Amino acid sequence: MFFDLLIQGGHVIDPATGRNGRFDVAIRRDRIAAVEPHIPAESAAHVINAAGQYVTPGLVDLHTHVYYGSTFWGIQPDPVAARSGVTTWLDVGSAGAYNLIGMRDHIVRPSHARIYALLNISSIGLTGPTYELANIAYSDVDVCVKLANLNRDFVLGVKVRIDNNTVGANGIEPLRRARVAADRLRLPLMVHVGIGPPAISEVLPFVRPGDILTHCFTGHSMKLIDDNGRLLESAARAWDSGVIMDIGHGAGSFSFLTAEAMLAAGRKPDVISSDIHQLSVNGPLFDMPTCLSKFMALGMSLEDVIYAATVAPAQAMGLGDEIGTLLPGAFADVALFTLAEGRFSLYDVFMNERVGKHLLRNTLTIARGRAMPHTPDGSTAPWIELSENQRTLIDRGHTPDLLAR
Ligand SMILES: [Zn+2]
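Our numbering puts the first residue of the sequence shown at 8, with every later residue one more than the last.
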């Protein structure tokens, strides 16, 4: 067979197939065609020399905000995809029923990276920074279910943010409604937790196996550990029953202290996701490779963090056969990385520092069988220029109280 693209000489880490070693990866059109110890250069139209680099499935980011220009948190996905290795982005709740069509036409369709969405139970989605659930009339189960059903090609579930400055006086009523919508759709529910009230004990009874609890290593009052750092029994029960525990680092939702308590108790996160948005993209999150490096600093192996950013989120999305794997027949989404060694300062959202010995850096991102162009100057700097429009929105003086998101 003649291939379109051959990635030669790299160290493949593909947790879905158990491969961890030197392999060549061949692509034909938009699919992985072969992964073998040696595939000759003459068998492909283009060859990429990956010697000295890691080759992984394109990363799958289970918690992102990419509905830029129409919702408060959104960033443009493709420029970040091109220098972070993320080839599949699940936008979680930026769109509600009223603005889902704009997301499909203006974000999902034109993007090079793959974009999927969870539909916010609030019909206005994340048009504004907060309080999307404060007017309970916007938590309209019928319209949420109807719009999701009309767009099941990219809507994979329902999102609700339960937090003191999202729900207003409505307590857990929006969560109850989100539960009903997800059940009617027979799709997963993702629940955000942050600063209560409501309390975490009011939220956990609503999550079921296959649902996603995001911000699971938060340091805020809805955290899953008690004040002595012990995992709450109710949280352990939910976790062991099959609720998917997802990081969602963001600007307010990742604490080294919580993470260290969890890992000491043998609790690795199921999924490592970024919660990348316009208040986290320039730090302390930066991007997925930086986020994965933080978990390596906490003691997880490279294979562990790649698993939590490929296989695990792909399965949570119900797309495990197509993305997050280099199995022949899967989509040709591939990421190349170097692993720098040294001493690297890494920060959680409280600006607590840990020093890591490794820093994962993306060198090339291939999505749909095509390499994505890097930034115009060719750099891979872990930041993006926010547009003047974006800066105007986030410089209005209310940024500090948004950092709990
Ligand atoms: Zn988020």
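We treat Cβ as the ideally placed atom computed from N, Cα and C, and that holds for glycine.
These numbers were taken from a predicted model, which means no experiment stands behind them.
Minimum C-alpha distance to residue i - residue among the options
i    : options                : result
A40  : R237, P380, P335       : P335
T221 : I279, I108, G236       : I279
R377 : G65, T78, L238         : G65
V187 : R159, S146, P216       : S146
L239 : V210, M197, P216, G257 : V210
V152 : P136, L194, M324, P204 : L194
G331 : Q15, M8, A23           : A23
G249 : S228, K230, P276       : P276
D218 : D190, G349, K230, S241 : D190
A263 : H227, S287, I108       : The sequence shown places Phe at residue 263, rather than the Ala named in the question. The shortest Cα separation from F263 among H227, S287, I108 belongs to H227.
R274 : G135, H284, V19, A243  : A243
Proximity test, residue i beta-carbon vs ligand 1 heavy atom, cut-off 8 Å
i    : result
T173 : no
T137 : no
H284 : yes
H227 : no
T78  : no
T134 : no
G103 : no
V318 : no
G217 : no
H72  : yes
G164 : no
G81  : no
V99  : yes
H365 : no
G59  : no
Contacts around residue i, its chain only, beta-carbon distance under 6 Å, and the 5 residues preceding and following it disregarded
i    : result
A206 : none
Y75  : G81, I82, Q83
H405 : Because H405 carries a pLDDT of 37, less than 50, the predicted location of this residue cannot be relied on, and the following value inherits that uncertainty. If we look at H405 and ignore the five residues flanking it on each side, it has no Cβ neighbours.
H53  : L12
Close Cβ partners of residue i (< 7 Å) along its chain, the five nearest in sequence each way excluded
i    : result
I34  : F10, D11, L12, A40, A339, G376
M303 : L309, V312, G363, H365
CB-CB length for residue i against residue j, believed under 8 Å
i    : j    : result
L140 : T173 : 5 Å
D233 : S260 : So it is not a contact: roughly 18 Å between Cβ atoms.
A88  : A374 : 7 Å
S300 : L196 : Rounded, the Cβ-Cβ distance is 30 Å, inconsistent with contact.
F293 : A266 : Between A266 and F293 the Cβ distance is about 17 Å, and since that is not below 8 Å, they are no contact.
Same chain, Cβ closer than 8 Å to residue i, neighbours up to 5 away in sequence not counted
i    : result
N156 : L192
What alpha helix (DSSP H) runs, 4 residues minimum, are completely inside the segment 120-183? 148-157, 171-174
List, from N- to C-terminal side, the alpha helix (DSSP H) runs of 4 residues or more that fit wholly inside the segment 220-257. 240-248
Going residue by residue through the segment 267-351, where are the continuous alpha helix (DSSP H) segments of at least 4 residues, counting only ones entirely within it? 295-304, 309-315, 318-323
Which whole runs of the alpha helix (DSSP H) in the segment 69-109 are 4 residues long or more, in chain order? 84-88
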